[in-house]
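As you go down the protein sequences, you meet chains H and W in turn.
Per the numbering used here, the very first residue in the first sequence carries number 103; after that it's consecutive.
Per the numbering used here, the very first residue in the second sequence carries number 696; after that it's consecutive.
For each residue, glycine too, the CB sits at the ideal point set by N, CA and C.
The structure appears right after this line, and notes come after that.
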Amino acid sequence: MTSLLEVHDVGKAFGGVYAVREVGLTVAEGELRGVIGPNGAGKSTLFNLISGHLLPDHGTLTYAGRRLERLTPHARAKLGIAIVFQGARLFLGMTALENVMVGAHARTRHGFLSAALRLPAHRREERAIRADALEALDRVGLKDWADRAAEELPLGQQRSLQVARALCARPRLLLLDEPASGLRAAEREALAQLIESLRGEGLTTLLVEHDVAFVARLADRISVLDLGAHIAEGTPAEIRQDERVIAAYLGKEAA
Amino acid sequence: MSDFLQYLVAGLAVGCGFALLASGLVAVHRVTHVVNFAQGMFAVVAGLTAGSLLSAGLPHGAAELLAVLVAGAVGLLVGLIATGKPGTSAQSALIVTLGVGFVAYAVEIMIWGDNPRSHPGLRGSVQIADAYVQKQSFLVIGVTAVVFTLLGLFFTRTYLGKAFTACASNPYAARAVGIDVTRMGLIAFALGGMLGGAAGVLLTPLLPISYNSDVLLITSGFAAAILGGLTRPGLALVGALILGVAESMVAGYLDASYQTVVALLLMLAIMIWQASQRTSLTEEAAR
């Protein structure tokens with residue numbers, strides 16, 4: 103399989119302390135890669151380095167043959183990288199449907215003038231986006247919430263809404279940051295099924311998650327971080343047996 | 696009665712000018728969260744430019760349009776100075792716009808001198824009942840109606856309008872969906888410049904302007920925009936019309952020098968009222 107994302111030797115320090123150092127991983131096209139690690143392992147830092155909200159101090163990021171590490175987040179989005187954040191990070195003051203429609207921004211060709219003048223081409227595009235957005239909402243089970251204000255949605259639905267927004271971009275790489283955190287059991291199950299069905303369609307996904315069982319159930323392969331360093335990689339079954347991983351989670355004595 | 700009608704229409708026309716200016720404030724604030732205190736300067740630049748172009752022999756229409764475009768370019772420049780550097784906070788940008796406004800005084804005085812100037816607009820007047828109303832007043836009202844309709848459609852109905860609003864609502868997530876937040880902000884500044892410019896070219900035939908007219912304009916425009924929380928053009932229009940009529944009545948029946956005082960008092964009253972409506976608790980809940 104060809105690789106879609108290659109993270110090579112990246113490092114990022116805050117005030118002299120490395121949050122991530124010499125981390126490397128290669129995600130194949132169509133793969134669902136999990137990234138786990140205890141608190142403070144550097145998962146979120148790695149996630150933000152890939153999304154572009156942080157820039158690495160050293161190392162390279164290659165996506166579909168292109169170097170990423172100096173690109174802005176919006177340039178990365180235009181290359182087909184979509185993000186679901188840990189927090190709600192929705193566009194408040196807009197409806198659920200509008201939130202999802204904005205997600206299509208990266209793949210639309212809209213001119214400011216044609217929008218202001220409401221030219222036919224613009225109206226056509228807008229209709230198509232609306233249809234796509236409704237489909238994405240349906241997919242995450244939020245069809246009935248389309249016209250509700252985003253801030254009215256319960257936390258679980260807000261997370262789903264972010265997933266719909268990401269899907270509306272028709273991404274080639276989906277980044278999920280702790281998507282299961284704070285969700286109730288039923289919501290977590292629905293999310294797992296959604297991620298599973300997306301994998302079935304061949305969407306490459308990077309799942310950064312605190313909940314090991316959630317990742318082990320879904321991921322093809324898992325990368326483990328501890329104290330900013332990459333300590334292990336393998337299938338869920340291999341990771342469960344890995345002594346370094348057990349040590350990182352349970353402490354040295356248990357190993 | 697005829698006095699009243701005359702003051703009313705004149706007030707509505709001036710109010711429409713304030714509304715155009717306020718809509719520029721709203722456009723910039725919606726996208727960037729910056730309160731653009733250089734907004735009044737756009738109107739001054741456009742008004743004075745239109746006058747110069749007309750005396751250079753350009754026909755009506757072309758001169759005004761060109762002046763509005765010049766104001767748009769000035770808006771873009773202010774945007775670049777105030778928000779071009781990534782990571783500039785909205786508060787620092789506000790101070791920058793204020794500073795740019797003062798620098799503009801010097802430039803304006805060098806080009807146009809410091810005397811109030813005016814240029815002819817639509818000539819003639821219309822008789823309604825027994826009041827005579829300048830045709831220019833109706834032009835201002837008509838243009839404002841068209842601009843606000845387009846602006847309203849743009850922000851509420853178009854998907855790009857939503858992308859604009861998304862920048863203000865959550866810039867972090869906006870970047871992640873592929874929106875170039877800085878560029879959107881600059882477009883908003885250019886739009887704000889053109890809206891301010893439109894206010895300038897339309898108002899100059901009614902009230903002569905000079906380099907420091909921006910104080911009156913920005914005070915009134917801000918008072919109007921604050922009614923809509925600086926985010927809603929519709930409410931800004933309502934505020935501007937109330938203000939325009941109030942100022943016109945004060946100038947007509949009392950004394951023109953009280954105009955700005957009326958604007959400031961109205962702004963103060965609205966802000967106190969809004970503060971009493973939104974306690975810190977509801978602000979927190981809205982997060």
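By the 16-neighbour rule on beta-carbons within 10 angstroms, S299/H is exposed. Between the alpha carbons of R286/H and R346/H lies a gap of roughly 31 Å. One Cα belongs to I152/H, the other to E171/H, and the distance between them is close to 8 Å. Of all alpha-carbon atoms in T128/H, A208/H, L148/H, Y165/H, the one lying nearest the alpha-carbon of A868/W is that of A208/H. Your pair A230/H and M203/H does not check out as a contact, with CB atoms roughly 10 Å apart and the cut at 8 Å. Assigned with DSSP and collapsed to three states, K857/W falls in helix.
Spanning the alpha carbons of G706/W and Q972/W requires a straight line of approximately 29 Å. In its chain, beyond the 5 residues on either side, A766, V769 have a beta carbon closer than 6 Å to the beta carbon of V740/W.
Contact check for V730/W against M889/W fails: the beta carbons are separated by 7 Å or more. Straight-line spacing of the CA atoms in T727/W and H814/W works out to 34 Å. In the displayed model, Q829/W falls within a strand according to three-state DSSP. Pairwise C-beta distances place the region 893 to 909 of chain W out of contact with the region 943 to 957 of chain W, as fewer than three of them are shorter than 8 Å. Across the set L886/W, S864/W, G916/W, I937/W, the C-alpha of L886/W shows the shortest separation from the C-alpha of V723/W.
Assignment of beta-bridge partners to F699/W by DSSP yields no partner. Every alpha helix (DSSP H) stretch that sits fully inside the region 903 to 953 of chain W and reaches 4 residues is listed by chain position as 909 to 922, 928 to 944. By the beta-carbon neighbour count (other beta carbons within 10 angstroms, threshold 16), D875/W is buried. Between G880/W and T778/W, the C-beta gap is smaller than 7 Å, which places the two residues in contact. For K245/H, there is no enclosing beta strand (DSSP E), since its DSSP letter is neither H nor E. For G113/H, the enclosing beta strand (DSSP E) starts and ends at 105 to 116. In the assembly as shown, E228/H is a buried residue. Its beta-carbon has 16 or more other beta-carbons within 10 Å. Between the C-alpha atoms of R241/H and N201/H there is a straight-line separation of about 15 Å.
Under the DSSP assignment, G746/W falls outside any beta strand (DSSP E), being part of the alpha helix (DSSP H) whose first and last residues are 734 to 750.
Under a criterion of Cβ atoms nearer than 8 Å, the residues of chain W adjacent to T174/H are, in order, R870, D875.
Its chain contains L134 as the residues whose beta carbon lies nearer than 6 Å to that of R301/H, once the 5 sequence neighbours on both sides are disregarded; these appear in chain order. For Q822/W, no alpha helix (DSSP H) run applies; the uninterrupted beta strand (DSSP E) run containing it begins and ends at 820 to 823, by DSSP. Put simply, of D313/H, P273/H, L329/H the residue whose alpha carbon is nearest the alpha carbon of G132/H is P273/H. Inclusion of G892/W and F713/W in the CB contact set at 7 Å is not warranted, their separation being larger than that value.
Nearest C-alpha to G774/W among I804/W, L760/W, L793/W: L793/W. The bridge partners DSSP lists for E335/H are S325/H. When 7 Å is used as the limit between beta carbons, A858/W is near these residues of chain H: V204, H207, in chain order.
Residue pairing of R135/H in beta bridges, as defined by DSSP: L308/H, R323/H. Under the 8 Å Cβ criterion, the region 779 to 792 of chain W does not count as touching the region 915 to 935 of chain W, having fewer than three qualifying pairs.
Minimum Cα-Cα distance from S283/H among the listed residues R342/H, L107/H, H155/H, F187/H corresponds to F187/H.
Here the region 322 to 338 of chain H makes contact with the region 121 to 128 of chain H; the two share three or more CB pairs at distances below 8 Å. Within 7 Å of the CB of A785/W, no CB atom of chain H is found; the nearest one sits about 17 Å away.
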